[in-house]
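All remarks here apply to the structure that follows.
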Amino acid sequence: WDGAGVNFALYSENATAVDLCLFDNPTDGIASAQFPLISGTDGVWHGFFDGIAPGQLYGYRVQGPYAPHDGHRFNPAKLLLDPYAKAISGPVVWNDSLCGYACGESSQDERPDLRDNAAFMPKSLVIDPAFDWEDDRPPRRPWNRTVIYECHVKGLTIRHPDIPHRLRGTYLGLASAPILDHLTRLGVTAVELLPVHQAVTERRLAELGLTNYWGYNTIGFFAPDGRFATNGLGRQVDEFKTMVKILHRADLEVILDVVYNHTAEGDQLGPTLSFRGFDNSVYYHLDPNDRRAYRNFTGCGNSLNMTHPRVRQLVIDSLYYWVREMHVDGFRFDLAPTLARDATGVDGTLAFFATLRDDPVLGQVKLIAEPWDVGESGYRLGRFPPGWAEWNDRYRDTVRRFWRGDAGQIGAFASRLTGSDDLFEPRERGPCAGVNFVTSHDGFTLHDVVTFERKHNEANGEDNRDGGNENVSRNWGVEGPTADAAINLLRE
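As C-alpha cells, this is what we get:
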C-alpha cells in the first residue's frame, strides 16, 4: 500500500492466467470483485489498483495445466494465499474442497477437484506498515555474551498468574513486566521464539481435536501468526512490533525460529493453499523419476526448492522483511541443510548460507543453523561457513551423559565444555560457532530429564510413537512425580 492504492504481484512461470479476488469478510465464499493481473517481466504477474486500502482481504486464482506427472497442479477453483502476504485473516477450516484433486477417488490425485474452496480458506490482508518505532535500536550483543532462552509465545505466558488475562498467550503478554523480570533475573540476553510465521494445523490433528502447537508447519513467511495476537485482521503485525520494541528496551534480542525447509501443503495428497497452486514445479523439489511425487528431506511431505532463483528470492525477501520492518535480531533455521539441497544432495559448499553471511543486512544479525535434516547425508554439524552458529546436539548429549554418571565421558565432556574444537576448528571457526544447550523443544524438558527414563506421549494420539526414545535422562529411582523428599531434592 502506497497511500493511494495497492500493487499486487506474484511469480508463476507456468501459469496461463491469474485473477486477484477481493473479499469483504474473512469467511466469505464469494469475492466482492475479481480482476485479471497482467503477465509481466520474467514470470511476474502484477497490477496496481487505486483506492484499495489497509484492511482489504484478498486471494488469487491461478489458471494453468493440471498435469501432476509433469509437476503441474494448477486449479482456478482454489483460492490461494499470497506467498508475500504480510498478514493472514485466520486459520484454515478443513474441508475436502481444500484439495486440488478429487480426494477419495481411487485414482488419487489424477483428476482436479472443481469445488470452490474460498469459504474455508483464510484470506490475505493488506496492511498499513506505519509504526512508531521511536528510538528502537538492536542490542547487538556479541556472541560471547549471548545467553539464549528458547520459548513459545503462548507456552511462556498463557498460565502466568501475574499477566492480565487478555494478554496471556500473546506477543504483548511475552513483553509484559512479569516475563521481562523473569528473563532479566535469569541473565538471559536473547529470546528465541518458536515459529511465529502463520502456520497450519494438519487435518489429521484437527480431526482429533488437537492443534499443531509448535507451529513448524508454515504457510506465510511474512505474516506473524494471528493466534498470538489479542485481535486479528492486522493487529498481529502491530503487536509483534510492539513486543520487539519493548524487549529491545529491556536489552533483550529477538531471534526467530524459521521454517523455510517445507510448507504446510504436505505431500502430493495434501491441500492446495498457496505455493502448490501458484507453480508446483517451481516451489518444490519433485522426484525426477515421477514429478507427481515430492522429494521429502524434511519428514513433512515436501521440501522447498531453493535451487530456483525466485524461491531463493522469496526466502531472502522474507528475512529482509523481518529484519528491516519487524526489527528482529536473528534467525534459527529449522532443518537448515534442506536449504542447501540440489538434485545431487547437499551442496558441499553450503553456498546459500555463505550468501546470507556476506549480505550487508543479513550478515549483521545472528544466523543459527539446526545443522541436520532427515535426508541422505543430512547431518552437517560443524560444516557451516564462518559467521554462522550451529545447534550443538553433541554438547547436549555429552553433558547429560556426564551428569547422570555414564562411564568414559570425561574426555568428551572436556572437549564440549571448551568449545568443541574437534567440530569447528577444521573450518577455522572458534568456540562461538556452537550454540551449546542442554534442553530444547525437541524431546524432554529439563524437568522431564530428571523425572522420567522413558517418554510418555500418550496424550498426542500417536500411541507414544512420536518423539525420540533416547533422551539421556534419569529418574533417580521413581518414574514420574513422587512424594519422596530426598528424590525431589536430588531432582531440583
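Reminder that position 302 of the sequence shown reads as 1114 in our numbering, one-by-one numbering, no gaps.
C-beta atoms are modelled at their ideal positions from N, C-alpha and C, and glycine is treated no differently.
Since this is a predicted model, take the numbers as computed values, not measurements.
- Less than 8 Å separates the beta-carbon of Leu1179 from that of Leu1168.
- Rounded to the nearest angstrom, the gap between the Cα atoms of Ala1076 and Asn1024 is 11 Å.
- The segment 1231-1240 makes no contact with the segment 1255-1268; the number of CB pairs closer than 8 Å stays below 3.
- Bridge partners of Gln1010 according to DSSP: Gly1032.
- Residue pairing by DSSP puts Arg1153 in a beta bridge opposite Val1158.
- For Trp1184, the three-state secondary structure derived from DSSP is strand.
- Taking one beta carbon from each stretch, the segment 899-913 and the segment 1009-1021 have 3 or more pairs nearer than 8 Å; the two touch.
- In the structure shown, the three-state DSSP call for Val1262 is coil.
- Counting along the chain, Val874 sits inside the beta strand (DSSP E) bounded by residues 869-875.
- Rounded to whole angstroms, the gap between the alpha carbons of Val965 and Arg1047 is 16 Å.
- In the structure shown, Val830 falls within a strand segment according to DSSP collapsed to helix, strand and coil.
- The beta carbons of Gly817 and Asp862 sit closer together than 8 Å.
- For Asn1073, no pairing in a beta bridge is given by DSSP.
- Here Tyr1133 is near Phe1034, since their CB atoms are less than 8 Å apart.
- Annotation: Leu893 to Glu1291 spans about 47 Å, alpha carbon to alpha carbon.
- No Cβ-Cβ contact shorter than 8 Å links Leu1151 with Phe1143.
- Secondary structure of Asp1079 (DSSP, three-state): coil.
- As DSSP reads the structure, Val856 sits in a beta bridge with Tyr823.
- Per the C-alpha coordinates, the member of Cys915, Pro941, Phe1264 positioned closest to Ala897 is Pro941.
- When the five nearest sequence neighbours on each side are left out, the beta carbons in the same chain lying within less than 7 Å of the beta carbon of Ala1224 are those of Thr1210, in order along the chain.
- For Leu1022, the closest C-alpha among the options Asn1287, Glu1274, Val1284, Pro1121 is that of Glu1274.
- Restricting attention to beta strand (DSSP E) runs no shorter than 3 residues, the segment 890-914 encloses none.
- In this model, Ser919 and Tyr913 are separated by some 10 Å (Cα to Cα).
- In terms of CA proximity to Tyr1207, Arg1228 leads the group Pro950, Leu1059, Arg1228, Thr969.
- The residue from Tyr1096, Lys1053, His977, Phe847 with its alpha-carbon nearest to that of Pro880 is Tyr1096.
- Annotation for Val1173: Tyr1132, Val1135, Arg1136 place their beta carbon closer than 8 Å to its own, counting only its chain and skipping 5 residues before and after.
- A distance below 6 Å between beta-carbons, with the five flanking residues on each side excluded, links Lys890 to the following residues of its chain, in chain order: Gly912, Asn929, Thr1084, Gly1089.
- If you compare the alpha carbons of Ile1067, Gly1078, Leu986 with that of Thr1042, the shortest gap goes to Leu986.
- Here the alpha carbon of His1253 sits roughly 25 Å from the alpha carbon of Ala1226.
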